[in-house]
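Worksheet for the structure shown next.
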Amino acid sequence: MIFSAISWAAVYFVIWWTTLFAVLPFGVRSQIEEGEVTPGSEGAAPARPRLLRIFGLTTLVASAAFAVLFVLLTQHLVSLDSIPFLPRFDPVR
1 MIFSAISWAA
11 VYFVIWWTTL
21 FAVLPFGVRS
31 QIEEGEVTPG
41 SEGAAPARPR
51 LLRIFGLTTL
61 VASAAFAVLF
71 VLLTQHLVSL
81 DSIPFLPRFD
91 PVR
């Protein structure tokens, strides 16, 4: 196998975290847009953050991206050696 399970988990976490920041602004309306600003809070803060929906969507998108990467690397459709800017990796014996 090309990576250990811990390495794959780390790759998934990085993909998930990056996807979170891509998905975070979708469908969020600010308190100013809603017309009701809570005293003591910033008007640009989300009126209803809906974090569970965002985390669920992030998990779906990140899982799909991870699955594509996993298949590409484990089925040897693309190898790390074929990426020109990475150093050459020799197999561990």
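Letter by letter, the sequence shown follows residues 1 to 93 in the UniProt record's numbering.
We treat Cβ as the ideally placed atom computed from N, Cα and C, and that holds for glycine.
Thinking C-beta only, is Val61 closer than 8 Å to Thr18?
no
Apply the 10 Å Cβ neighbour rule to Thr38 and answer buried if 16 or more other Cβ atoms are within range, or exposed otherwise.
exposed
In chain order, what residues of the same chain have a beta carbon less than 6 Å from the beta carbon of Ala45, not counting five sequence neighbours either side?
Gln31
How is the alpha helix (DSSP H) around Val59 delimited, first residue to last?
The sequence given here places Thr at residue 59; Val does not occur at that position. Thr59 -> alpha helix (DSSP H) spans 51 to 74.
Would you check if the stretch 2 to 12 and the stretch 69 to 84 touch, i.e. whether three or more CB-CB distances between them fall below 8 Å?
yes
Is Val68 buried or exposed, if buried means 16 or more other CB atoms sit within 10 Å of its CB?
exposed
Neighbourhood of Ser79 by C-beta, 8 Å cutoff - its chain only, sequence neighbours within 5 removed
Leu73
Taking a contact to mean a Cβ-Cβ separation below 8 Å, would you say Phe66 touches Ile15 in this structure?
yes
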